[in-house]
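In the numbering used here, the protein residues as written are 1 to 117.
Quick reminder that beta carbons are idealized off the backbone N, C-alpha and C, glycines included.
Below is one structure, written out as structure tokens; comments come after it.
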């Protein structure tokens, strides 16, 4: 699986850290993008509010990663290097991976979606 990711041009890594900031208990989003193994962009940002569970902060981080991956793909297309297919995104939270693989909105994800929009 890891070797398959390494064979692609652009890879994203997403991580959400639930309530990490001790002063206000807000979660932190961390995203990194690699192009041919070299870091080309990263984001480390506090989330706007604290969610009740770690899955919420992970889903927010994954959502941010997908949005920025689309922007990065467009920039590569602008310079004449279109990225074919999707951008593989690595996620370390098993609960979040299960939610994404269900391919439908569950009550937890629906609740997070209302908060994001």
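Relative to the C-alpha of residue i, which candidate in the options has its C-alpha closest?
i, options, result
"residue 45", "29, 52, 37", "29"
"residue 92", "59, 78, 86", "59"
"residue 54", "103, 15, 100", "15"
"residue 99", "47, 63, 22, 35", "63"
Is the separation between the beta-carbon of residue i and that of residue j shorter than 8 Å?
i, j, result
"residue 33", "residue 79", "no"
"residue 39", "residue 31", "no"
"residue 66", "residue 89", "yes"
State the start and end residues of the unbroken beta strand (DSSP E) segment that holds residue i.
i, result
"residue 14", "10 to 17"
Every unbroken alpha helix (DSSP H) inside the segment 27 to 52 [4 residues or more]
Unbroken alpha helix (DSSP H) stretches of 4 residues or longer found wholly inside the segment 27 to 52: none.
Within the segment 73 to 107, note down every full alpha helix (DSSP H) run reaching 4 residues or more, in order along the chain.
94 to 102
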